[in-house]
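Top to bottom, those sequences are chains D, U and P. Heads up: take any position in the first sequence, counting from 1, add 6, and you land on this note's numbering. Heads up: take any position in the second sequence, counting from 1, add 6, and you land on this note's numbering. Heads up: take any position in the third sequence, counting from 1, add 6, and you land on this note's numbering. No residue lacks a Cβ here, since even glycine has one placed at the ideal position from N, Cα and C. Quantities reported herein were computed from a predicted structural model and do not represent experimental measurements. Working notes for the structure below.
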Amino acid sequence: MPRPLQLHPDRLLPADPTTRSIARALYQQVRALPIVSPHGHTDPAWFATNAPWTNPAELLLAPDHYLYRMLYSQGVPLEALGVSSKAGPSSADPRSSWRLFASHYYLFRGTPSRMWLDHVFAEVFGMDVALEPATADLFYDRLTEQLATPSFRPRALFERFGIELLATTEGPHEDLVHHAAIRSSGWSGRVVTTYRPDAVIDPEHEDFASALARFAELSGEDVHSWSGYLAAHRKRRADFRAAGATATDHGHPTARTANLSSLEAEALFGRIIGGSWTAEDADLFRAQMLTEMAAMSIEDGMVMQIHPGAFRNHNRTLHATHGRDKGADIPTRTDYVHALKPLLDRFGNETRLSIILFTLDETSYARELAPLAGHYPCLKLGPAWWFHDSPEGMRRFREMTTETAGFYNTVGFNDDTRAFLSIPARHDVARRVDCSFLARLVAEHRIEDWEAAELAHELTYGLVRRAYRLDAPRAEAA
Amino acid sequence: MPRPLQLHPDRLLPADPTTRSIARALYQQVRALPIVSPHGHTDPAWFATNAPWTNPAELLLAPDHYLYRMLYSQGVPLEALGVSSKAGPSSADPRSSWRLFASHYYLFRGTPSRMWLDHVFAEVFGMDVALEPATADLFYDRLTEQLATPSFRPRALFERFGIELLATTEGPHEDLVHHAAIRSSGWSGRVVTTYRPDAVIDPEHEDFASALARFAELSGEDVHSWSGYLAAHRKRRADFRAAGATATDHGHPTARTANLSSLEAEALFGRIIGGSWTAEDADLFRAQMLTEMAAMSIEDGMVMQIHPGAFRNHNRTLHATHGRDKGADIPTRTDYVHALKPLLDRFGNETRLSIILFTLDETSYARELAPLAGHYPCLKLGPAWWFHDSPEGMRRFREMTTETAGFYNTVGFNDDTRAFLSIPARHDVARRVDCSFLARLVAEHRIEDWEAAELAHELTYGLVRRAYRLDAPRAEAA
Amino acid sequence: MPRPLQLHPDRLLPADPTTRSIARALYQQVRALPIVSPHGHTDPAWFATNAPWTNPAELLLAPDHYLYRMLYSQGVPLEALGVSSKAGPSSADPRSSWRLFASHYYLFRGTPSRMWLDHVFAEVFGMDVALEPATADLFYDRLTEQLATPSFRPRALFERFGIELLATTEGPHEDLVHHAAIRSSGWSGRVVTTYRPDAVIDPEHEDFASALARFAELSGEDVHSWSGYLAAHRKRRADFRAAGATATDHGHPTARTANLSSLEAEALFGRIIGGSWTAEDADLFRAQMLTEMAAMSIEDGMVMQIHPGAFRNHNRTLHATHGRDKGADIPTRTDYVHALKPLLDRFGNETRLSIILFTLDETSYARELAPLAGHYPCLKLGPAWWFHDSPEGMRRFREMTTETAGFYNTVGFNDDTRAFLSIPARHDVARRVDCSFLARLVAEHRIEDWEAAELAHELTYGLVRRAYRLDAPRAEAA
């Protein structure tokens, strides 16, 4: 007999009956609010082509480094899970990969992946038994079958999920054909892009040269001169705004910023573009570009997101054989107080500028980020991110930021995912955890119940819309 | 209809009924104990002159960077809140500032400022409706009216608050006229000073030169020679002890200490006083002076407090326009293990020396501070400080220090405030949080109920009196 | 009337009734499981000679730096507690030391030492009154009396405690005579050794020269050549495996590793052995030796344990007068991401290699250790260690590692103690805290009850046996 799969209606709510009952009431008020997903990595081609997905291994497992990293840590080869390598796609049979996954599903006990997946299985696919070796084939068949039906196509799911807005992420070296196709298709789903210029800003990025070439092409600017390079950014930012973007995103090794004079910046750019740069030059250039991007954000109103602190591709061998984004990015200690100062010295008091800060280093929440966001007009705090996008991680985020930064210097939830089917699950977890935190404040008489209700709505829906300027007049492409 | 303002008698106590009932019983035993406030920044002139305060904007808002930093972070200009700048006092109408504050009061939901203020409104001023835009004028009028009455003068409130002792903070370059006036006035309130020599120790302090000149004047010593400079400290420390001081306080960028030979120290002082110092010289001098102060503490019995880790005046523009202490101090990572070693190498085993360590970096609680205080006879842990003087911050302090340092290497609560009216509120929060922590230990059968009762008394009243040597024979000025 | 001493059956379980009842049920299932103690510092001579212990001061107090560090921090001289110094054994009367301890026992309120000791008093010695000044003599007499009886000899207690395996720690410069004596005695208790080569790896260790000489002698190798030195390690590792060892242990100041070429390594060793090394050479040599040890572990299958981050002998004066391990080791910030990379670059993807990482820096749990262990096949997380081997410390460990690394990249509990009598108490605390954590997950519907039951068994018994390879064919000495 397989074990039943039932999502408990009170899951993630605190056990104490008083607090749970407050949390439950708050959750009821926000559970069905539309999903606003202002930061993520889904593939816009899905919504442009609306082509069906194939099977659960290729849809859920092979692209999700949250999942295969755990199995890899226990000795399961990536190839067997269908993960492609530099040599090409994996030759693993998808059903076999799925069975292998099912036989290791117990590894996820206590992790958010487990909660997200069970949500997907139960709510999206209507499964009522748990995934385990004995049910692996049942899951494989039932999911594959449903994925072939019209109601499981990307747009149908988008609508069923109640998504009001979904932001994807593209680089200035990428055209926005899928976004154009979505808009011209007449479909009403709001899928927007985000300007993520890392590949043309980071000289150490493996695609820097090719991205730069494509950047020149798409912008029509001479990206080899400092002024042309900046002009190219301005042009592409305008293109992105036309494709609905209201934000930029910057994934840097650290939060370092710089405030060079124009002359110094131009000289630095000369070394970068000439290929004669040192590691320090590269780092300084990334730092200076954050400040340049802030300057452009003041001009064009785009919100800046800074995502620092990941040591990318830590596993040298795996990077050599499998390339980027294979579950081997590891957080590092991240300083903000000194790192952001050059940018803040220049623009810190600008009320037109909005910078959303993220971290992988939770020690910075109470010590650095909350005090910074609780003072500087241009700074806000992004939600618990990546490894910390989890019940305990979100709880720590609230406990460590609220008392200094308040709720109103935060920006709601980001799912930050490429796992489209898990988006409702992730937002649901965030709503439950936020309502639980608010319920504790009410139960301990630290805020009133009506305030908690207002806050629950703000944390779910109000703050994200304002922080990402989603109500601002929306630029439309011709 | 305005919302009612009611302080719940069980506020801040845990929701679980068993634990709450234990916490409530503990709290009942300590709630009315006298307030001992051994570290703060109230103005002794208040108690010397006993002049009335004017209105809530000037009393509660304009001087309190906890409050205006939050509004500033949301784009409200400081001028509009009545905060003075280098150009002079703000020309804002106090009532308008107060209205502006009231309309942003929701920003403080979930922060300690909100709890403190509601306590002040309800308990000190007897307000029974919540502060919101619609009640802003009512608050302004009622508070202004009461402040004009005799029972709201500083000394009357001091007595009403049940303050047994209140320490202010002065520098060696300041005379102690207000303390003298208090003592000679015949008023029985015990207001003492604290020796805070930063301005004459930190060459990078903007007032260093002028403070040094005044230090020379007040001490009658040649502060330009190393021996004269040290003698001036000894003299002024004696003056402070005569004004009731039992402690010194040191607010340094880091916890760095040094243990130079006399010759090295003298040479370093020569560079400092000669004005030819480097940033490293300045840092080393501050470090060495902590050790010199420890040596003097062994002589004269004054307790040392070290408050490291704030990056002061982080907002360059605001510092230029508005000066120090405008809500732009940001905590930084702080090391103690290496930083304190030179001082500890010299005096660590001295049982006559007592150094109270504070931190803005909570990561040091369990990793560094509790192990240090749980070993060295001269070290004790100050309470959760500044950004961490909050329910969650205090809870983390207890959870992360108690298991290694115990309760008896801590020193009770510090309110560390210039907001005099909030002192009872702050002590009340600390008592509630400590009783809640103790209640959890009892509910989990980790300590006995009678031990918790003893500890609650110690954390509220016993430890602070012993740690700050308040029962020691008190020096009286002639 | 002395206070009663009663261990509450629900101690350490959460107060919320729902959660407590789940925790209690889980705990019932694991409380009586055998104790597997794969990492500790008990003296194998106890089990070899089975000689009786003498009195509680010499058994419980004088050797336990957890205890005397707390009294020392409050000004009690170590001599008075019976702690030996470099000048020789303390001349304190054991009964007087015990009385002094009893009169300071209140200092331990809220600490794990208090819980462990009360467990020892109640469960091992059957005491039913609390330790306090008035009962000090009663305790001294009752404990001394019992210690003289056969059922309190080391082997009898080992059996009574239900210990399935106990690992001690020895160096390659130590013979294993006690382990040989245990095995040849016919006693069935499984006491194994652990290979801890710090003294012959760390040039800054005070015993380096003498340890090296003895290492040469015991291995019969020329430890002054690089190849001989490595061969000596291989030989001694084999000797240790023959004495039951399945693991090595490495206590380094940092987690730094290196990946030098053979030529570079040999040159570095030349400087080390020639005595002409710098501090950086010493550090690099320790770093390189971790990688060499990993290489040998791949050959011989021994599990590696890395215990970094203690600043040893921080108290200079005490170290000079009393030597090592006197309660003056202080944790420091510890980086793993950069530090481990050289080793991981070489061996990170080796499924034959198993490295168990410990930390004294809790900030690394969620930020570095869980992400590393949740990816690399060779890495696992050791339990909350030393200062963090406490109810709050263990809870934080689970809360900060589980969501990213899962439970199955952890290895069960280590008591890491030389306090033999406290071993059951320490394992009991771990079982209670783990069951409480699991109970919260169940109460919040994050895992199912049957999963929690499986996990409780794994965390108590299954994981430790697999992680330390205790079921692998056991090498037996001739």
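*Where do the N-terminal and C-terminal ends of the alpha helix (DSSP H) with SER43(P) fall, by residue?*
Taking the third sequence and counting its residues from 1, one reaches residue 43(P) at position 37. That residue, SER43(P), is in no alpha helix (DSSP H); its beta strand (DSSP E) goes 41-43.
*What are the start and end residues of the beta strand (DSSP E) that includes VAL309(D)?*
Here residue 309(D) refers to the residue found at position 303 when the first sequence is read from its first residue. Note, VAL309(D): beta strand (DSSP E), 309-312.
_Simplified DSSP state of ALA345(U), which is helix, strand or coil_ = By 1-based counting over the second sequence, the position of residue 345(U) is 339. Looking at ALA345(U) - three-state DSSP - the assignment turns out to be coil, as it is neither helix nor strand.
*ILE312(P): which of MET295(P), PHE403(P), ILE41(P) and GLU85(P) sits nearest, CA to CA?*
For this step, residue 312(P) is matched to residue 306 along the third sequence. For the residues MET295(P), PHE403(P), ILE41(P) and GLU85(P), the minimum Cα distance to ILE312(P) belongs to MET295(P).
*If the cut is a Cβ gap below 9 Å, which residues of chain D does ILE453(P) touch?*
Position 447 of the third sequence, counted from the start, is the residue given in the question as residue 453(P). Result: ARG115, GLY116 and ARG120.
*Can you pull the chain U residues whose beta carbon is under 7 Å from the beta carbon of TYR78(P), in chain order?*
Along the third sequence, one-based indexing puts residue 78(P) at 72. Correct list: HIS381 and PRO383.
*Min CB distance ASP16(P) to chain D below 8 Å*: The residue you call residue 16(P) lines up with position 10 of the third sequence. Chain D contact via Cβ: absent.
*asked:* Quick check: what's the CA-CA separation for ALA29(P) versus GLU464(D)?
replied: Counted from its first residue, the third sequence places residue 29(P) at position 23. Counted from its first residue, the first sequence places residue 464(D) at position 458. ALA29(P) and GLU464(D): Cα-Cα distance of roughly 36 Å.
*Among GLU170(U), VAL439(U), SER268(U) and ASN265(U), which one has its Cα closest to the Cα of ARG401(U)?*
The residue labelled residue 401(U) in the question sits at position 395 within the second sequence. Taking only the C-alpha atoms, the option nearest ARG401(U) is VAL439(U).
*Element boundaries [alpha helix (DSSP H), containing GLU298(D)]*: Looking up residue 298(D) in the first sequence gives position 292. Note, GLU298(D): alpha helix (DSSP H), 285-306.
*Identify whether PRO15(P) lies in helix, strand or coil by the three-state DSSP scheme.*
Position 9 of the third sequence holds residue 15(P). PRO15(P): coil per DSSP, three-state reduction.
_Of the residues GLY380(P), ILE336(P), ALA187(P) and THR423(P), the one placed nearest PHE413(P), counting alpha carbons only_ = As a first step, residue 413(P) must be located in the third sequence, where it is residue number 407. Ranking the options by Cα distance to PHE413(P), first place goes to GLY380(P).
*Rounded straight-line distance, which links the Cα of PHE107(P) to that of LEU366(P)*: Here residue 366(P) is taken as the residue at index 360 of the third sequence, counted from 1. Here residue 107(P) is taken as the residue at index 101 of the third sequence, counted from 1. C-alpha separation (whole angstroms): 27 Å.
*Can you give the Cα-Cα distance for PRO397(D) and VAL435(D), rounded to whole angstroms?*
On the first sequence, residue 397(D) is found 391 positions in, with the first residue counted as 1. On the first sequence, residue 435(D) is found 429 positions in, with the first residue counted as 1. The straight-line gap from Cα to Cα measures roughly 7 Å.
_So THR323(P) contacts chain U; which residues on that side make the cut at Cβ distance below 8 Å?_
Stepping through the third sequence from its first residue, residue 323(P) is reached at position 317. Result: ASP351, GLY354 and ASN355.
*Check the DSSP bridge columns for LYS386(U) and list the partner residues they point to.*
In the second sequence, counting from the first residue as 1, residue 386(U) sits at position 380. Paired residues: ILE362(U).
*Is the stretch 324-338 of chain D close to the stretch 46-53 of chain U, with three or more CB pairs under 8 Å?*
no
*asked:* Would you say ARG334(D) lies against chain P (beta-carbon separation less than 8 Å)?
replied: Start at 1 with the first residue of the first sequence, and residue 334(D) comes out as number 328. Reading the sequence as shown, one finds Ala at residue 334(D) and not Arg. Closer than 8 Å: yes.
*Report buried or exposed for HIS230(D), applying the criterion of at least 16 other Cβ atoms within 10 angstroms of its Cβ.*
For the purposes of this step, residue 230(D) is taken as residue 224 along the first sequence, with counting starting at 1. It counts as exposed.
_So, at 6 Å on beta carbons, what are the nonlocal neighbours of ARG404(U) in its own chain, with the 5 sequence-adjacent residues on each side left out?_
For the purposes of this step, residue 404(U) is taken as residue 398 along the second sequence, with counting starting at 1. Counting only Cβ-Cβ distances below 6 Å, and skipping sequence neighbours, we find PHE443.
*Distance between ASP124(U) and GLY116(U) (C-alpha atoms, nearest Å)*: Along the second sequence, one-based indexing puts residue 116(U) at 110. Along the second sequence, one-based indexing puts residue 124(U) at 118. Rounded to the nearest angstrom, the two C-alpha atoms are 12 Å apart.
*Which residue comes first and which comes last in the beta strand (DSSP E) that contains ILE453(D)?*
On the first sequence, residue 453(D) is found 447 positions in, with the first residue counted as 1. Premise fails: ILE453(D) is in no beta strand (DSSP E) and is neither H nor E.
*Name the two residues that bound the continuous alpha helix (DSSP H) containing GLU138(D).*
On the first sequence, position 132 is the one that residue 138(D) refers to. No alpha helix (DSSP H) contains GLU138(D), which DSSP labels as neither H nor E.
*asked:* Can you confirm whether SER428(U), when its beta carbon is compared against all beta carbons of chain D, has any partner nearer than 8 Å?
replied: Here the question's residue 428(U) lines up with position 422 in the second sequence. Chain D, which has no Cβ nearer than 8 Å to the Cβ of SER428(U), makes this no.
_For the stretch 185-198 of chain U, list every residue whose C-beta sits within 7 Å of some C-beta in chain D, in sequence order._
none
_Per-residue DSSP class, three states only, for PHE275(D)_ = Start at 1 with the first residue of the first sequence, and residue 275(D) comes out as number 269. Note: PHE275(D) maps to helix in three-state DSSP.
*DSSP state of GLY255(D) mapped onto helix, strand, coil*: For the purposes of this step, residue 255(D) is taken as the residue at position 249 of the first sequence. Note on identity: in this sequence residue 255(D) is Asp, with Gly being the wrong assignment. In the structure shown, ASP255(D) sits in a strand (DSSP, three-state: E or B).
*Beta-bridge pairing of LEU171(D) - partner residues as DSSP gives them*: Walking along the first sequence from the start, residue 171(D) turns up at place 165. DSSP lists VAL42(D) as partners of LEU171(D).
_SER231(P) - DSSP class collapsed to helix/strand/coil_ = Reading the third sequence from its first residue, position 225 is the one you call residue 231(P). SER231(P): coil per DSSP, three-state reduction.
_Span of the alpha helix (DSSP H) around PHE119(D)_ = In the first sequence, residue 119(D) corresponds to position 113, counting from 1. According to the sequence shown, residue 119(D) is Ser rather than Phe. Element bounds for SER119(D): 118-125.
*Do GLU176(U) and THR199(U) have their CB atoms nearer than 8 Å?*
Position 170 of the second sequence holds residue 176(U). Position 193 of the second sequence holds residue 199(U). Going by C-beta atoms, GLU176(U) is nearer than 8 Å to THR199(U).
_Below-8 Å beta-carbon distance, ASN265(P) vs any chain D residue_ = Residue mapping note: residue 265(P) aligns to position 259 of the third sequence, counting from 1. So, not an interface residue.
*Rounded C-alpha distance that separates VAL42(U) from LEU236(U)*: For the purposes of this step, residue 42(U) is taken as residue 36 along the second sequence, with counting starting at 1. For the purposes of this step, residue 236(U) is taken as residue 230 along the second sequence, with counting starting at 1. Roughly 31 Å separates the two Cα atoms.
*Compare the Cα-Cα distances from ILE336(U) to each of ALA301(U), PHE393(U), TYR342(U) and MET310(U) and report the closest residue.*
Along the second sequence, read from residue 1 onward, the residue named residue 336(U) stands at position 330. For the residues ALA301(U), PHE393(U), TYR342(U) and MET310(U), the minimum Cα distance to ILE336(U) belongs to PHE393(U).
*For ASP22(D), I'd like the list of residues in its chain whose CB is within less than 8 Å of its CB, leaving aside the five on either flank, ordered along the chain.*
Position 16 of the first sequence, counted from the start, is the residue given in the question as residue 22(D). ALA449.
_Rounded to the nearest angstrom, what separates LEU350(D) and SER216(U) at their Cα positions?_
By 1-based counting over the first sequence, the position of residue 350(D) is 344. By 1-based counting over the second sequence, the position of residue 216(U) is 210. So the two alpha carbons sit approximately 31 Å from each other.
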